[in-house]
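A.B. asks: Sharing a structure, written as structure tokens. Questions coming.
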Amino acid sequence: MNFLLEPLNLVTFFPLLGVLVLLFIKSEAKNTIRWVALGTALVNFGISLWALSMFNSSNPDLQLASQYSWIQVAGWNIQYYLAVDGLSILLVLLTTFLTPIAILSTWTAIEDRVKDFMVFFLMLEVGMLGVFLAQDLFLFYIFWEFTLIPMYFLIGIWGGPNRLYAAVKFFLYTMAGSILMLLAILWLGVNQGTFSVPELVLKGGIPADVQLWLFIAFAAAFAIKVPMWPLHSWLPDAHVEAPTAGSVILAGVLLKMGTYGFLRFNLQLFPEAAVKAAPTIAVLAVIGILYGAAVSYSQKDVKKLVAYSSVSHLGFVMLGMFALNAQGIEGAILQMINHGLSTGALFLMVGMIYEQTHTREIAVYGGLWKITPIYGSLMLIVALSSMGLPGLNGFVGEFTILLGAFGSKAFGTPIYAILSAIGVILAAIYILYMFQKMFLGPVGKIVEEVKHHGHELRDLNAREIITLLPLLVFIFWIGLYPAPFFNLIAPAVDKLLIPFRAILGG
Amino acid sequence: MIPVNYYLTLSVVLFSMGALGVLIRRNSLVVFMSIELMLNAGNLAFVTFAKMHAANLAAVHNGQIFVFFVMTVAAAEVAVGLALIVLIFRKKQSIDLDQLTHLKG
Amino acid sequence: MENTQLFFNFVPWIVFFPVLGLLLNLTIGKKLSENGIGAIAVLASASAFVVAVLQAYSLSIHPEGASILVAEWIHVGDLAIDWTFRVDTLSVTMMLVVSGVGTLIHIYAIGYMHEDVRFHNDEGRFKRFFVFLNLFIAMMMVLVSGDSYMMLFVGWEGVGLCSFLLIGFWYDFDTLGRPSFANSNAAKKAFITNRIGDFGFLLAAFMMFWQFKSTNFDNVFAVVANAEPWVILWITIFILVGVAGKSAQIPLYIWLPDAMAGPTPVSALIHAATMVTAGVYLVTRSAPIFMLSHDAQYIVATVGALTAIFAATIAVGQYDIKKVLAYSTISQLGFMVAAVGMGAFAAGMFHLITHAFFKALLFLSAGSVILGMERGHHHLAHHGHHGGKHDEEVFDPGDMRNMGGLRKQMPVTFWLYMVGTVALAGLFPFAGFWSKDEILADAFLEFPHVYWILTGAAFLTAFYMGRQVWMVFFGKPRHEVAAHAEESPLIMTAPLMVLAALSVFGGALNLPGVHTLTVWLEHTIDIHPGEFNMQVALISTALALFAIFLSWLLYMRKPLTTGQPDPLKRILGFAFTGMENKWFVDEAYKFVFIDRYTDLAKFFAQTVDWDFWHEWFHNSVIAAGFVGLTKFLANPIDLGIVDNISKILARSIQYSSENFRKVQNGFVRSYALSVMLGVVAIIGYLLIK
């Protein structure tokens with residue numbers, strides 16, 4: 000019993016209790032199922048806040064650890080080891096924060112097999128939290144692969160017309176990358192005698208050439224997940240076909256598993272290799288930023304536009320992370336959160352209009368601000384946050400990232416930052432294009448079409464506003480007063496930077 | 000004292016006659032008798048060698064005991080074989096070996 | 000510089016008041032009447048003005064100013080950016096101008112928008128206008144009162160957003176009220192062009208941080224003198240890119256004329272008096288950096304001067320009353336940028352202030368003219384043809400070719416417009432004369448080429464303003480509507496009278512010899528009062544008079560008639576076609592940048608990403624490759640080799656057993672024979688061995 004009462008175990012496995020309860024409810028009682036799932040997710044958010052209250056933000060080390068020896072075979076030392084530090088605390092909170100919001104967004108959107116949906120969704124939450132909390136490579140790998148299964152079913156069962164293709168593609172791409180990671184994990188576990196990440200970091204001493212190979216193996220798994228250009232081909236499919244809540248979690252949390260993986264493993268375990276790889280990663284990130292922005296601009300499907308914008312945004316995160324200075328990395332971590340909030344909100348809002356019109360084609364919309372003023376205004380705020388308007392969250396992250404990249408010693412040149420800053424212009428272009436074509440201009444023909452089917456295009460209802468409101472609060476909060484967030488991550492990042500300071504000087 | 004070779008020659012002749020009978024005759028009763036002939040040729044050789052190694056008591060005993068074994072086996076064989084032949088005759092109204100080709104692969 | 004004496008502590012309210020106003024209107028605005036909404040907005044803006052006045056009063060006692068920390072913003076590593084308000088003579092000057100002119104325009108807008116929303120049949124948008132307008136004031140205040148480049152940047156982008164929202168205020172129409180994407184296109188263009196400028200600004204900030212470890216004004220200026228020349232040059236160039244975006248300089252000025260799609264109070268407040276001057280403010284603020292590099296000053300001054308004359312030539316060829324003013328604004332901004340570029344910061348700021356007065360006056364009067372025309376149009380539509388559904392003729396109330404003789408219909412507006420025109424043309428003793436002359440006098444000493452270009456621009460200014468006045472107010476009405484135009488109500492004309500008074504007496508701010516403004520600004524930036532140059536003043540006055548005379552010759556002696564082409568077309572020929580069409584810059588940009596980027600994006604999206612990467616590479620190479628591999632493994636390898644091995648084994652056993660079968664003939668005797676032969680063979684072997 001003590002095991003379950005440790006805060007991190009509780010926050011990770013609490014959703015399973017919800018799953019258990021759901022199993023005893025009749026499938027026909029859809030509303031009960033929804034309430035139970037929402038309640039579980041909300042309580043879990045509460046638990047994560049409780050964990051936050053016990054978290055000491057000035058301590059750079061892993062905290063609230065729950066450590067048990069687990070598999071001890073043939074010299075392998077595998078532990079059950081959950082712990083949290085400044086690198087992951089915000090991502091844990093983001094996960095527990097976005098899950099209830101995503102569940103709330105399915106209230107009327109998912110009518111088919113509600114129980115199965117909620118079960119998968121809560122299981123997905125378990126997997127994601129495990130990924131962010133696991134400090135043992137083996138355990139991490141298990142959680143990492145575990146997230147695939149519920150997501151596969153979420154896309155494959157409740158997705159759009161092309162869902163099976165998308166689900167299989169999503170599954171295979173991620174799987175392909177993680178095979179290499181598994182090899183690297185086994186190499187580390189066998190040769191270093193432990194799978195525990197902090198012990199591995201402490202031990203160090205992996206020769207530089209081996210580091211590079213291990214770095215590449217880990218990077219393969221994470222780069223597909225992020226996704227970094229040019230491994231993004233699964234993303235538009237998965238996003239377009241996934242149900243709204245799936246897209247929210249996919250963009251909001253699952254992609255962050257990739258960037259978080261880089262941060263936790265590639266940077267911590269292989270500092271020399273990271274320094275060596277930094278310019279290459281920067282080139283890919285810059286290409287991703289510009290390419291993603293250009294491709295977004297040319298999309299006719301709004302969900303695809305948002306999906307490609309993720310490629311651009313995550314490019315910023317990667318750029319900042321591999322700047323290997325405080326501004327870059329802290330900006331990158333904050334930008335992960337920002338992207339979760341802004342893009343999550345964008346997907347939610349796209350889903351809200353899709354539910355009414357059943358089309359995502361930008362060209363049929365137009366003048367929506369006039370018909371649905373609340374929806375238009377909220378969309379404007381979210382769009383501005385996504386394009387990085389100062390005073391909203393996106394800017395704080397993007398600015399610190401670019402600032403870090405501009406003076407990065409790992410890159411040695413400001414050119415990456417300058418090119419990426421062009422991405423800020425391109426972001427304005429595609430976001431404004433989307434906003435203009437859908438919300439400004441004359442009223443689009445979809446309004447007539449909806450009327451034709453006997454409906455009236457309505458503005459957001461109370462539930463939808465409540466779904467979005469928490470996101471908006473954070474969009475403003477991080478934009479205007481990000482200090483509490485930076486305070487959480489700064490000590491851990493400082494500690495992370497120690498080896499890089501040694502290598503790069505300063 | 001009759002030389003050993005004589006006994007052995009008789010044994011060989013008896014054995015050859017038996018073998019030829021088995022190979023040539025079609026009547027299963029005759030074949031049966033020929034088999035008995037071969038067995039008894041063997042018995043004769045056993046007894047002869049037992050006599051020849053009179054100095055070695057174990058060899059004498061061995062040779063003579065084998066003869067008893069062979070006679071016992073022969074008796075058992077006759078009992079089973081004759082029963083088979085009777086059954087075959089009842090079924091086929093013949094004891095001609097060349098008509099019994101059921102085992103042909 | 001922590002100075003909390005007097006009213007300095009109140010300075011954050013200069014932002015909070017407008018924010019409070021917009022929040023009030025957002026929440027309870029639905030229940031209020033139009034006047035109620037307007038009153039809240041005006042009150043919010045006026046309160047900001049009062050705060051600004053209090054700051055000015057405090058400064059007059061403590062001219063060293065103060066910095067008021069409100070909260071920390073971005074603290075990462077050694078980067079520290081705070082929400083700190085800066086009170087010094089420069090920022091307070093801007094606060095006074097922004098909130099003062101802003102409040103007047105708020106008042107005017109109550110009357111203007113009351114009619115405007117009715118002409119557009121959407122009364123619900125009245126509230127939205129004032130929410131945006133208050134947001135603009137708040138953002139502008141953040142811009143001018145920020146203590147660091149980054150806080151300034153928040154306002155910088157914030158006013159860009161407000162500009163976007165207000166240009167696209169009638170986002171579902173074009174300027175003539177037809178359903179279209181035109182207005183929203185103009186809004187988008189403004190935002191994106193500004194973002195290009197912001198790109199430069201950001202790079203300047205990055206460079207400052209990594210060179211000076213701060214973006215705070217005082218910290219940067221304290222160490223900037225030690226920086227290497229190339230650093231300073233690049234920082235100034237990046238700042239100039241930002242300035243070119245926000246203050247509509249070559250090559251990024253193209254958004255400002257389109258910005259006239261916004262309601263006229265917006266054009267006056269944002270796109271003439273305040274926001275577009277932010278670039279001038281920025282250069283003035285960065286004076287310690289610009290002073291260090293003569294090259295930078297040369298570049299900025301030249302860009303400003305070229306913009307001034309280039310935009311002036313275009314203004315000559317425009318027919319839309321607001322477009323003329325828009326290009327005039329670009330031209331005047333060129334004057335200011337040239338001034339601050341040369342190091343004549345006081346002259347630049349002086350011109351910024353007087354320009355805010357008379358250009359706001361001109362725009363608002365033009366708005367009054369347009370509404371007057373709209374009223375005439377409305378009047379005709381209702382009383383003229385009672386045919387029920389008459390086909391909606393597209394009528395452009397802003398086209399000067401439709402006007403003429405309006406001084407009789409709109410006498411108040413006419414006189415106000417005249418004051419503005421004379422001030423802009425730079426005739427003694429109106430405000431524009433003093434400020435423009437100070438710039439010219441400085442240029443004459445510092446950069447002669449800039450002086451000559453600016454003098455040319457001043458000549459053109461007087462000419463196009465003369466042309467406009469003759470076309471709009473004199474002669475005979477060229478359209479039925481113009482004959483029925485009606486004067487605007489007092490709520491609109493009253494603020495104009497205040498502005499007119501300021502346009503007349505504004506020159507008193509910095510009269511030669513007294514230099515009130517220069518002395519005031521000296522507390523903040525290192526400047527010296529300029530000398531009044533009689534020669535320069537005489538030349539420019541003579542040229543202005545000559546230009547007005549020329550325009551009289553062309554447009555007044557024989558007033559235009561309906562449908563008559565512009566008389567200049569005959570004289571200038573092709574050159575005039577260029578002016579009319581803005582030298583085809585928009586078309587060139589569209590061809591060179593916009594179309595190319597769109598094509599490129601399409602190419603990447605469709606060809607590279609979808610057809611090649613997603614479809615071909617994924618489906619044909621990875622997926623099909625994998626399927627091919629599995630097929631290869633399944634057919635030739637598995638069926639062909641693995642399967643065949645067992646098959647061959649089976650076949651050979653079958654074959655051999657078929658042969659051996661013949662041995663099993665069933666004849667007992669042949670079996671016996673073989674046993675026999677076997678025995679013989681074994682015995683034979685044993686014997687031979």
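Residue numbers (numbering that gives the first Met the number 0), protein chains in the order written: chain H, 0 to 505; chain E, 0 to 104; chain P, 0 to 688. For glycine and all other residues, C-beta sits at the position ideal for the given N, C-alpha and C. Just so you know, these numbers come straight off a predicted model, no measurement behind them.
Report the rounded CA-to-CA distance for P/D441 versus P/A343, giving the unit in angstroms.
C.D. replies: One alpha carbon belongs to P/D441, the other to P/A343, and they sit about 7 Å apart.
A.B. asks: What do you get for P/N215, buried or exposed, if any count of 16 or more other CB atoms within 10 angstroms of its CB means buried?
C.D. replies: buried
A.B. asks: Would you kindly report the start and end of the unbroken beta strand (DSSP E) that includes P/H74?
C.D. replies: 65-75
A.B. asks: Alpha carbons only, please: which of P/V339, P/D197, P/L415 is nearest the one belonging to P/F357?
C.D. replies: P/L415
A.B. asks: Report buried or exposed for P/Q408, applying the criterion of at least 16 other Cβ atoms within 10 angstroms of its Cβ.
C.D. replies: buried
A.B. asks: Count the other C-beta atoms from every protein chain shown that fall within 10 angstroms of the C-beta of P/S285, then say buried if there are 16 or more, exposed otherwise.
C.D. replies: Classification of P/S285: buried, given that the 10 Å Cβ count is 16 or more.
A.B. asks: For H/P490, does the three-state DSSP call read helix, strand or coil?
C.D. replies: In the structure shown, H/P490 sits in a helix (DSSP, three-state: H, G or I).
A.B. asks: At 9 Å on the CB atoms, spell out the chain P contacts of E/H101, in chain order.
C.D. replies: G665
A.B. asks: What's the call for P/V535, buried or exposed, on a 16-neighbour Cβ count within 10 Å?
C.D. replies: buried
A.B. asks: My guess is that H/L503 and H/L323 are in contact by the Cβ rule of under 8 Å, so how many angstroms apart are they, rounded?
C.D. replies: The pair is a contact, with the Cβ atoms about 7 Å apart (cut-off 8 Å).
A.B. asks: Let me know the secondary structure DSSP gives E/I1 once reduced to three states.
C.D. replies: coil
A.B. asks: Please classify P/F603 as buried or exposed, where buried requires at least 16 neighbouring CB atoms within 10 angstroms.
C.D. replies: buried
A.B. asks: Does any residue of chain H bring its CB to less than 8 Å from the CB of P/S44?
C.D. replies: no
A.B. asks: By the criterion of Cβ-Cβ separation under 9 Å, what are the contact partners of P/A257 in chain H?
C.D. replies: Residue identity differs from the one stated: residue 257 of chain P is Asp in this sequence, not Ala. Simply none; closest approach about 14 Å.
A.B. asks: For a cutoff of 8 Å on Cβ pairs, would you count H/Q298 as touching chain P?
C.D. replies: yes
A.B. asks: Starting from the beta carbon of E/D97, find every residue of chain P whose beta carbon is closer than 7 Å, and list them in chain order.
C.D. replies: F666
A.B. asks: At a CB-CB cut-off below 7 Å, which residues of chain P make contact with H/K369?
C.D. replies: D171
A.B. asks: For H/W69, name the three-state secondary structure that DSSP assigns.
C.D. replies: strand
A.B. asks: Say whether the region 347-361 of chain H touches the region 296-304 of chain H, bearing in mind that this needs 3 or more beta-carbon pairs closer than 8 Å, one atom from each stretch.
C.D. replies: yes
A.B. asks: For the alpha helix (DSSP H) that contains P/I308, what are its first and last residues?
C.D. replies: 293-315
A.B. asks: What did DSSP end up calling H/I205 once you bin it into helix, strand or coil?
C.D. replies: DSSP places H/I205 in coil when its eight states are reduced to three.
A.B. asks: If P/F462 sits next to P/L405, beta carbons under 8 Å apart, how far is it from one beta carbon to the other, in whole angstroms?
C.D. replies: Contact annotation, P/F462 with P/L405: C-beta distance approximately 20 Å; criterion of less than 8 Å not satisfied.
A.B. asks: Are three or more beta carbon pairs between the region 161-169 of chain P and the region 227-238 of chain P nearer than 8 Å?
C.D. replies: no
A.B. asks: Counting Cβ pairs, one atom from each stretch, are 3 or more of them under 8 Å apart for the region 287-296 of chain P and the region 149-159 of chain P?
C.D. replies: no
A.B. asks: If we ignore side chains and look at the alpha-carbon of each, how far apart do H/V446 and H/E455 end up?
C.D. replies: Here the C-alpha atom of H/V446 lies approximately 8 Å from the C-alpha atom of H/E455.
A.B. asks: Ignoring anything shorter than 4 residues or poking outside the region 63-119 of chain H, list the alpha helix (DSSP H) runs there in chain order.
C.D. replies: 88-104
A.B. asks: Are the Cβ atoms of H/L496 and H/A325 separated by less than 8 Å?
C.D. replies: yes
A.B. asks: In this structure, how does DSSP classify H/A322 when only helix, strand and coil are distinguished?
C.D. replies: coil
A.B. asks: Cβ of E/V21 less than 8 Å from any chain P Cβ?
C.D. replies: yes
A.B. asks: List, from N- to C-terminal side, the alpha helix (DSSP H) runs of 4 residues or more that fit wholly inside the region 378-448 of chain H.
C.D. replies: 392-405, 414-438
A.B. asks: Going straight from the alpha carbon of H/T173 to that of H/K224, what length do you get?
C.D. replies: 6 Å
A.B. asks: Using a Cβ-Cβ distance cut-off of 8 Å, determine whether P/L234 contacts chain H.
C.D. replies: Note that residue 234 of chain P is Ile in the sequence shown, not Leu. P/I234 does not count as touching chain H.
A.B. asks: When you compare the CB positions of P/L89 and P/T283, do they come within less than 8 Å of one another, or not?
C.D. replies: yes
A.B. asks: Of all the options H/N460, H/V423, H/F264, which has the alpha carbon lying nearest to the alpha carbon of H/A293?
C.D. replies: H/V423
A.B. asks: Helix, strand or coil for P/W169, going by three-state DSSP, please let me know.
C.D. replies: coil
A.B. asks: Could you check the C-alpha separation between H/A415 and H/T31 for me, to the nearest Å?
C.D. replies: Sequence inspection shows Tyr at residue 415 of chain H; the Ala mentioned does not correspond to that position. Rounded to the nearest whole angstrom, the C-alpha separation of H/Y415 and H/T31 is 52 Å.
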